[in-house]
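**Q** So in the numbering used here, spot 331 of the sequence shown is number 1151, and the numbers just go up one at a time.
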Amino acid sequence: MLSPVFERFAKKSPITVIARGMMERVLHPEQLDQWFSTIEKNQYTKDLLFSSVFDIMSQVVCGSHRSVNAAYQASKDEICVSITSFYNKLNGIEVSTSAELVRYAAGQVSPIIEKLEGKNDSPLPGFRVKLLDGNCIEKSQHRIKELRNIGAGPLPGKSLVVYDPVLRLPIDVFPCEDGHAQERSMLSAVLLSVQSKDVWIADRNFCTVDFTFGIVFQGAFFIIREHKKYPWKSLGQERYIGKTDTGTVYEQRISVVDQTGKSCSFRRIRLTLEKETRDGDRDIFIITNIPEDAVDAIKIAESYRSRWKIETAFQELTVYFNSEINTLGYPRAALFGFCVALVSYMILSVVKAALASVHGKDTVENKVSGYYVADEISATYRGMTIAIPDEEWIVFRKMKVPQLVNTLKELSSNVKLSAFLKHPRGPKKPAPERTSSKTSPHVSTAKIIANRKKK
């Protein structure tokens, strides 16, 4: 299916070909601009297309260029607008547009991952698991005039992100321009997205009566760690259930009443850990409305532990991509940059799914380093776009899904997986006590090594 011009890259860097091909399939300029025209009626696009803004931001996020200005300078002949006009456009992108971009991209790549059969196994078969967590964008530089005489770190915004652990995919985002906003204040928007048969897994910060009842009223389910202020009454004694590999599980029935007087009966599960958490907690209390005959308490406790995957995804966003560009002080621009990073992460998810379809799910999930994969894409992408003309990539748009899946699998079979394996460290050794001298703040490394050799 691919022309001979792809041959060298398909053999030497097939992962980068997959990534670029998926960008062409899902987010090519014509498709992006058409999508933008359907959801945004207020922004003027005659001189600067949305696809051009996305392209420049994706270059910065993926590491092809170190800054927005550098990416602009490399593309200014094609863009044909001033840097001021570009920043005005970037700073004016509505947060709703940024959120819709993530939902649109997730909807485009999800069927491809499904067809690749490279998904993870579901922690709760029969349900769609959604992990919810918040992300606060790091403080920006003080470039905005009003911030220059302020000592405190300016926060350009935060988001709630929904992650699908089966697809390895961020599927939704709820951005907020107020960097000081409580995450709980954003939950009303999340409730509008809840669907029947969902299972929402979240930390205790999201354990509110309104949120848990809202999920129940939508015909969905939740597994949320109990907040100490969550009001409940016991409906029976706690009983022993069994043991897991991390501790002992107990369960009891509880009753919760909302502000309108409506009452719901939930399960309260206690996991007593063999070792304390980093916060010093020995007992973890989990609230859920999943029926006992559907999922037992031990499985509930184990499923809650899967929420670390969204925290891992946030860490990967920070390490693999430039997801929080601290030169972008305006909230809308910073949040758009974060959402572009989420979209880039989706492309990485397709790469992992393609690898899993050929090399095995367990191998990709537990042994392949996403850092090495992202580094390979970043190192090769720019040169490949120069070597292979844009028109050659159109073939990825025209492929039918079965053809696309076969092409991705064929490319994945060329990947030398040994070059992308993790190298886990052993347990850390305690640091030795250091000696210092006020009269000699520095030492000669060469002399110290020479003394070691004499010994």
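Beta carbons: idealized from backbone N, C-alpha and C, even for Gly.
Note that the structure is predicted; figures quoted are calculated from it, not measured.
Helix or strand or just coil, what does DSSP make of E1196?
**A** helix
**Q** Classify P1111 as helix, strand or coil using the three-state DSSP reduction.
**A** DSSP places P1111 in coil when its eight states are reduced to three.
**Q** Closer than 8 Å by C-beta to H1047: which residues in its own chain qualify, once you throw out the five before and the five after it? Chain order, please.
**A** These residues qualify, in order along the chain: R1024, N1025, C1027, T1028.
**Q** Taking only three categories from DSSP, how would you classify V1029?
**A** helix
**Q** Based on the DSSP output, what are the partners of E1071 in its beta bridges?
**A** R1059, I1089
**Q** Does DSSP put G1034 in a helix, a strand or coil?
**A** helix
**Q** From which residue to which residue does the alpha helix (DSSP H) around G1157 run?
**A** 1151-1179
**Q** How about the region 1125-1133 and the region 948-956: do they share at least three Cβ pairs that are nearer than 8 Å?
**A** yes
**Q** Grouping DSSP H, G and I as helix and E and B as strand, with all else coil, what is V915?
**A** helix
**Q** Along the chain, where does the alpha helix (DSSP H) containing A894 start, and where does it finish?
**A** 888-899
**Q** Leaving out five residues before and five after F766 in sequence, what residues of the same chain have Cβ atoms less than 7 Å from its Cβ?
**A** Since the first residue shown for the chain is 821 and the last is 1275, residue 766 is missing from the structure and cannot be characterised.
**Q** Output needed for G1062: all residues of its chain with C-beta closer than 6 Å, excluding positions within five of it in sequence on either side, in chain order.
**A** Taken in chain order, the residues that qualify are V1069, I1118.
**Q** For S905, which of helix, strand or coil comes out of DSSP?
**A** helix
**Q** Taking the Cβ atom as the reference point for each residue, do I1197 and T858 lie within a distance shorter than 7 Å?
**A** no
**Q** Are the region 1177-1191 and the region 1230-1246 touching, with three or more C-beta to C-beta distances below 8 Å?
**A** yes
**Q** So which of D1103, L1148, G1180 has the shortest CA-CA distance to S887?
**A** L1148
**Q** Answer yes or no: do K1053 and S1075 have a C-beta to C-beta separation smaller than 7 Å?
**A** yes
**Q** Measure the alpha-carbon distance for G938 versus E1094 and round it to whole angstroms.
**A** 34 Å
**Q** For S878, which of D984, R923, N1142 has the nearest alpha-carbon?
**A** N1142
**Q** Is any non-hydrogen atom of the ligand FMN found closer than 6 Å to the C-beta of G1149, if you look at the structure I gave you?
**A** Absence of the ligand FMN from the depicted structure is noted, as is the absence of any ligand whatsoever, leaving it without description.
**Q** In whole angstroms, give me the CA-to-CA distance for K831 and A1199.
**A** Cα-Cα distance, rounded: 16 Å.
**Q** May I ask you to report which of helix, strand or coil DSSP gives K927?
**A** Contrary to the premise, residue 927 reads as Gly rather than Lys in this sequence. It is helical.
**Q** For the region 959-970 against the region 1252-1261, do three or more pairs of beta-carbon atoms, one drawn from each stretch, fall closer than 8 Å, so that the two count as touching?
**A** no
**Q** Could you work out which residue in L1155, D1210, H1179, V949 is closest to L921 when comparing CA atoms only?
**A** Looking at L1155, D1210, H1179, V949, the one whose alpha-carbon comes closest to that of L921 is L1155.
**Q** Could you give the DSSP three-state label for N955: helix, strand or coil?
**A** strand
**Q** Quick one: what does DSSP say D1116 is sitting in, helix, strand or coil?
**A** In the displayed model, D1116 falls within coil according to three-state DSSP, outside both helix and strand.
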